[in-house]
Every structure is written in C-alpha cells, then in structure tokens.
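The block underneath contains the structure these notes are about, expressed in structure tokens.
Residue numbers (UniProt numbering): 1 to 953.
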C-alpha cells in the first residue's frame, strides 16, 4: 500500500496544488488554454512517465488513478479508505475518505472552473489559508438568495450594454460584452470588503467596461452617463475628454451590508495601465489622512486587460511599491478582464509568459484564474480575494478568463484577424442566458421572473435617457474622482496668502535643522554631518541660507501651519548631491535614525521624506495621486537627475500637463528637476526644460491686460508653472506659494546641482521675511541699474548661468555697461516685468543667454513672448470680451478664455508710436541633438564661447 499512498500524496501536494490550474477548464469558448500551452505540460502527461502501453494519452491525474488502482490489483480498491494528509482540508471534519472521493474532491477544487496559483508563496500559513478556502467541502455552495442576486446584477450589466448598443449603435463605448460577469464580481469584492470594515475604495481601470462600472458598480446617475453621448458643450472650463476616460466619486449605502461606502474611479487616458500608480498614491494618501495605518478602512481595486497587464512595465513598477513602507496601500485587489486577445493581437504574439498574470508572482500575490461563464465560481474567488486582502493586507489577482464579443470597439470587425475565435463566439450564448437557464432548471427562479428583472432595468434606462435629453451642457465637475469639499468656497480667487514669515520662525527652524539629535551623546553622527550641521548653524547666525536651508525653512514653516509635506524620489532623504540630509543615521546602530524636521514643533503637521524605488513612471504617478487627495498638502517628487523624468513622460503628458483641461482635475504637485550643464555628460545635464515649456498652454502672441492681479490671473489660467530659480529665497517663496494660492497648479522646478554649494547662491533672511514674496523676475541690482541710459546691453537669462555671466562681467569690467536680468518664472511668462526691464534700459541691445542648446532650453518658448512684450503692448479691442465669474471650480472663470479674442490678428491693436521694433538676440550653444557633451574640455570651451558672445559689446 505504501506506493499508492506515496502517489496519493504526490498528487495532493504537487499536481493539484501546483499544476492543477494547467488542466482547469478556464476558457468559456473551449478553444484555448489559459496558459498558452496547446498541450498539457509534459509532467501532466501519461507518456512522460512510461507507465505502460495504453494507446490513448491521458492526463497525469487520470494516470494516477489508473496506476493506484493497478497497484491495488482491483478497481474496487478505489473505494478503499485512506487517512487524509494533515496538509489537506478536503475532508472537512472527516479524517479519512475513499480514494475515489479524494481524487474527485481535489479535482473539483483545483482542476475545474477555477485554477489557483499559490504554492510559490513562501509562507506556509498563507498557503494553508488558501487551501482551506478552496478545499473545504461545501465552501462554494450558495443560497438561492445569493444566486438570485448574481442574476439581478448580471441582468443589469447585460442590459446596460444592450441599451447603449440600441441607442448609440455607431458610437464607441468599449463595452463589456463577453465579460459581463465583471460587474457582479466587483460588487462581490466591494460587498465583502465593506462587511470586513472597508469604508472607501479607490478604483482604476482602462476604458473597456468603464461606463458599465460607473453605472452599475458606482451607481452614477444614468442620465449623466447618457448625456456624454449627446455631443453637448461643456459647462466647465477645459477641453473635456471622451466618456470612457472619465472618473467619478460616489458616496452611497451598500444595501447588501447596510454600510456606507465611498467609491472613486480615477480618470484615465488611453494609456491603459498608467492610472495604476495614481490610484495607489491616492489610496495611500487617503489612508494617511484617515489615520488608517493598516489599510483597514481604505483600499484600492485595479482593473486590467490581459494584454496590458503583461505588456506594460508600469504594472511591474506599481507592483513593486506594494510592500515599501512609505508606498504600500496594504493590499490591492487586481481584476484582469482576460479577453484572450489584445486589440487584434493573439496572446501567443503578445506575451512570453505562460499567463498574463505572471508579473504578480514577483510579489507573492496569489492568482485565481476563473472561467467567466461560471458566475458562482467567479463569486467564490472574489469573496476569497477580499478576505485575503483583509487578512494579510497583500496584493491578490483575479484573472477572469472571458472573451470579447465585439471587436476592439463597437465599429471594428474582429473577423478580419480572428475568424475562428469569432465564429465560436457568435455561437456562444451570453453568460446571462447560461446562468438564467441553470437557475430556472434548478427552480430558483421562473422564466417570468427573469423577464421581469430585465424589463424593470430597461424601464430605468429609458427614463434616464429621457432625462438626459433635457440637459443642455455636460458638467465635468460631476466627474471628479475626489472633490475638494470646501476648498474653493469663501476664497478670493485673486488673493494669494503671504509667503514671507517672521524671523523668529526662520531662526527656530534653522536651529532645529542645524542641531544634532537631542540624545547626541548616545546618537553617533557621522563626522561629515557634524561639519554640515556646524556650517548651517553659522549661516543662521549670519542670517543667510543656502539652497538646502532655504528648502528646510519652506518645509518647516508649512509644517508649523499644519500643512503636511511629503518629499519622495530616489535618494531624497540625503539628496543625490549630499546636500539635504533630512534623515540622520546612527553610525553604530542599524536602522536608528533622526529626522529633524519631524520635531520642530509639538503640534506641527507630519513630515514624510522617503527614498523611493528606482522608478520614475511609477513613483511620479504615485505622488500625483497623493497630491490629488488633499489640496492642503505640499507633495514633491524629485528626480535623481532631471534627465530621468523622460521615463515618466506618460504621467507628465497625460495627467500633469493636461489633467485639469481634460478632467477638471487640479493638482499642486511639485516636480524638482536637477538641471544645469556642468560637464557631466548628456544624461546628467538637462531636465528638458523645452518640453515642459512646449506643453505650456499660454498664447505667445497675447499680452494680457495689466492689472494688480496680473500675476495670479496668469497662474490661474495656466496649466502649470515652470520656473528656474537662482536664489534660495526665491525657492523658499515658490514652494510656499504652492499652498498660498487659492487654487492648485503643478509646479515644474529646474533645481540646481553646483549652486547647492555655490558661495554666491545664498540669500539673506531679509528676502524671506514678512512682506517679501516670490520674484518672477529679478532685475539688475548692481551699478548698471543706477545709470540705465549708459547700459549698452541687457542680458536676460534664467537659472545657474546667471552666476557664470556675473563672474564673466566682473572679469571683463563691464558692470556698468551690461545689465543682467533673471527670469525666474518662465511660464506663465512675466510679460509685464520683462517689458518693464526692457523699457528701463531703452538704449540697450537685448539678448537672451542660456546654457542649453538653441533648440533646447527656454529660447524657443521665450522668443515669441519677448517679441509680444517688447513691441507694443497688445490690448483687447473694446467690446470684444466680457468677464465671467464662474470658473473651473465653480468660483472663478478661465481668465484667458473669457478675455482672449478668438481671432488675435483682428482683435489686437498694436501701439504705433514707437520708432522701431526691438528684437531679442540669442546667445548660447548652437543647435544639437544631444543635451550636452561628454567631454569636460569641450564643455569648458562651449561655456567660454557663450560668455564671450554675451559680452562682445
């Protein structure tokens, strides 16, 4: 008997648990293997083991039955009673079972319509937990009420798609036909999670099925969804977006659990998985502000397509944030709508892994594959997934193996590329029909009841359709994923709070930041850190700050005011350039640290500074999501070098630069981009300033009307702010201004490298005190400003190059002949101040000097705007506009959009009393493909040429 028992144990522990999913019946079409294998793996085949000369090929499961029976001589021995291994739960309370029953139960658990991958998890407790949920007898059984609920939800999901198909047959909607079970599945996850204590769920998903999710999971009013098909104008500012990209926010009662639940779907572009880290950041922020340190109240659900889940690298980046202390959301439920096809590409041509979900194995997430045409099996794995997340607070994946009944969109012909699959699909009844028939056959419902449920939902849709036709505008504010309740109300939209602070505050923060830990006798600080702290203290005594100290004072003063500050990115705790040191490390005790900015005041807001994974796309998306949750927080992401932001370009393009225009979605995220040509080569020099400026939405030919509110109006109507500060004081003010503004805009900051320690790149306390503010332009302050009529040249520049120019001017003894003006805020462009400085030096030649190549940097952006600022103030012709007080947040209108003429050439008048137009000449490197040379000698040669050209007066 021992050989039979050994084979039995092997079958239990190796084949069913580890390999059972390979032979599970997962494809509702019955034509593919979910693991892309046309044949069963060799270890599951009879021939692989040479057990005899049986003519037909059988699975290893069948061969084991045959082999065991042979060893016991008689087929009747299949009924012999065996003591069950301690590792299995198939017996329930029974300790022994007949062999036939053992095999039957194991196959039912692991080789039916559910295939489970979990034995790679390196925790026996977790593996046994899953085994109990899958093997326990009767655990998948459902009551008749539960089955009727599935039917009702499935009917709504199917009915919604059918209604849209009838009313808007030629419209793209990326319907859910073929995987309608997703709606009951999501609702099952939400029901169970709510029952287990979750109060808020943040969701991210691609376009397929989004409208159905909004309608039947979030219960967004159907009339609002139908209005999106009506081609109406927007009632809010912005360009808007297609209906299947929009998000929403709903608070409602969950009728199943009788508990309130908040559901948010984050707006997402067509870049399918780009929303993943945004959702995680938003979830983490909501957990933080609720004090939900274990993720028991707030959780995230991410929906994926099969091709995108395995094809997009951002999935991997996001997965790898799942267990990092400052990025974890304490478990995400991933649901894959596995259509078994991407647009037109067969899975065998779109992935190299057996399953589309294999990326989840890197974080030990259990993976439940399930056949979409077995609704009760789907409900079971959804219930188990929700319980897993609540128990272990780790990621879990539900792979709903389904199909796509139509083409990629509703007007696409799938037979062009998948004729056999779609012939099969056309002969496959919808899952609603299959399930309704099974419930009728089981006498759970009658055919009349099934029809009645369908008719009731059809009536609901028709009523909503009638209401939608009465709407005249689309209100995009109804589609916000996290409205900032109370933030905009009661504020003067043109008033910016002061950014200067009292000297006592500067000194207090400075001294705390410059002091060793309170237990300095026990906390061993590195000798180099001691010198840095001493140097900082000397600066405090001299009433000056360098870059790191100015930043710390900005952060510290906001913390004092109750503003949460979060700084994230690669190596930000120390700073890539070893300048920040916001976390001090005990030199003899592992993991013992001290964070001075966390201990400035007893009642201060929390400060979070965290080194991120080596990711830009994922982490920038995460911080963007974090910034979207609470407007009263300063969230900063720092690139290790500005050059590396291009690997996050998708987040920059799709969410940050255009997010408000598309989705009425504001964000005050700060992007810190170390930038400057210093001979460090082409990958450590340029944050590609020109790209950010090219995406700035202001019109280069339009000089806005000047007024006291000029600067704040420009900021309000910009899509973001791009700046290149040259002083610590200005850096201090622009960071604080992010919170002082009555609205939120992303801030793109070119930050320095060599200036971090430049002896002249320091600021006096006097420039940070009350009644001081951010300077959009820093005028010439030397001898040239005292006699402007004698100045022969005015050099406009931005950022670090100012110090090179200043030094060269002194060496050439041209301090009285050349004025240097710094443009600190490049976008929105400071037309008024540039004009003021140019007018001051009326006889001077005007040049723009930059260290970047001519086709890079700010030149192509500032050139036309300088022309507009210098050559006659352009004003709006009378009667062409009117002011509007509505605004994108319901409180203030888009100023440019309401005052800017539609035809600039017809509506602008140019002053003609000037003798001639003034022009701006470029000085700098010539055009180039690479951002910088890799040769230090060549770099110095180029810099010398730049400086010589700047002062050839």
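No residue lacks a Cβ here, since even glycine has one placed at the ideal position from N, Cα and C.
Note that the structure is a prediction, hence the values are computed from the model and not measured.
{"query": "Inter-residue spacing [alpha-carbon to alpha-carbon] between residue 826 and residue 494", "result": "20 Å"}
{"query": "Cβ pair count under 8 Å reaching 3, the stretch 751–763 against the stretch 697–713", "result": "no"}
{"query": "Beta bridge counterpart(s) of residue 299 as assigned by DSSP", "result": "201"}
{"query": "Helix, strand or coil at residue 17 according to DSSP, with G and I counted as helix", "result": "helix"}
{"query": "Limits of the unbroken beta strand (DSSP E) element including residue 82", "result": "81–83"}
{"query": "Closest residue to residue 204 among 303, 158, 153 (Cα-Cα distance)", "result": "303"}
{"query": "Pair within 8 Å by beta-carbon distance, residue 955 and residue 513", "result": "As shown, the chain starts at 1 and ends at 953. That puts residue 955 outside it, with no answer to give."}
{"query": "Unbroken stretches of the beta strand (DSSP E), 3 residues or longer, contained in the stretch 805–853", "result": "818–823, 825–827, 845–853"}
{"query": "Chain C within 8 Å of residue 358, Cβ atoms only", "result": "In the structure shown, chain C does not exist; there is a single protein chain."}
{"query": "Chain-order list of residues whose beta-carbon lies under 6 Å from that of residue 700 (same chain, five-residue window excluded)", "result": "864, 865"}
{"query": "Counted within 10 angstroms of its Cβ, other Cβ atoms place residue 31 as buried (16 or more) or exposed", "result": "exposed"}
{"query": "Residues of its chain near residue 835, where Cβ-Cβ distance is below 6 Å and the 5 sequence neighbours each way are ignored", "result": "869"}
{"query": "When 672, 658, 664 are compared against residue 641, the one with the closest alpha-carbon", "result": "672"}
{"query": "Residue 815 versus residue 522: straight-line alpha-carbon distance, rounded", "result": "53 Å"}
{"query": "Residues near residue 444 by beta carbon distance below 7 Å, same chain, minus five either side", "result": "144, 147, 148"}
{"query": "Three-way DSSP call (helix, strand, coil) for residue 938 in this model", "result": "helix"}
{"query": "Spatial neighbours of residue 936 in its chain, beta-carbon cut-off 8 Å, leaving aside the 5 residues before and after", "result": "679"}
{"query": "Residue 546 - DSSP class collapsed to helix/strand/coil", "result": "coil"}
{"query": "Own chain, CB closer than 7 Å to residue 219, minus 5 neighbours either side, in chain order", "result": "250, 252"}
{"query": "Same chain, Cβ closer than 7 Å to residue 292, five either side skipped, listed in chain order", "result": "298"}
{"query": "Exposed unless 16 or more other CB atoms sit within 10 angstroms - verdict on residue 318", "result": "buried"}
{"query": "Contacting residues, own chain, Cβ-Cβ under 7 Å from residue 812 (five flanking each side not counted)", "result": "951"}
{"query": "Cut-off 7 Å between Cβ atoms - residues of its own chain near residue 584, not counting five sequence neighbours on either side", "result": "517, 525, 529, 593, 594"}
{"query": "Where residue 680 falls: helix, strand or coil (DSSP)", "result": "coil"}
{"query": "Beta strand (DSSP E) segment containing residue 281, residue limits", "result": "Segment 275–290 is the alpha helix (DSSP H) holding residue 281; no beta strand (DSSP E) there."}
{"query": "Exposed unless 16 or more other CB atoms sit within 10 angstroms - verdict on residue 415", "result": "exposed"}
{"query": "Environment of residue 466 [buried if 16+ CB atoms lie within 10 Å]", "result": "exposed"}
{"query": "Same chain, Cβ closer than 7 Å to residue 895, five either side skipped, listed in chain order", "result": "Its pLDDT being 35, under 50, residue 895 is placed unreliably in this model, and the value from its coordinates should be taken loosely. Same-chain partners within the cutoff: 713, 716, 717."}
{"query": "Exposure of residue 601, with buried meaning 16 or more beta-carbon neighbours within 10 Å", "result": "exposed"}
{"query": "Residues sharing a beta bridge with residue 368, DSSP", "result": "116, 398"}
{"query": "Straight-line gap, residue 487 to residue 266 (C-alpha atoms, nearest Å)", "result": "20 Å"}
{"query": "Classification of residue 953 by the beta-carbon crowding that lies within 10 angstroms, buried from 16 upward", "result": "exposed"}
{"query": "Range covered by the beta strand (DSSP E) that runs through residue 924", "result": "920–925"}
{"query": "Nearest-angstrom beta carbon gap, residue 397 and residue 334 [assumed within contact, 8 Å]", "result": "5 Å"}
{"query": "Selected residue, minimal CA-CA separation from residue 810, among 784, 423, 798, 830", "result": "784"}
{"query": "Pair within 8 Å by beta-carbon distance, residue 351 and residue 313", "result": "no"}
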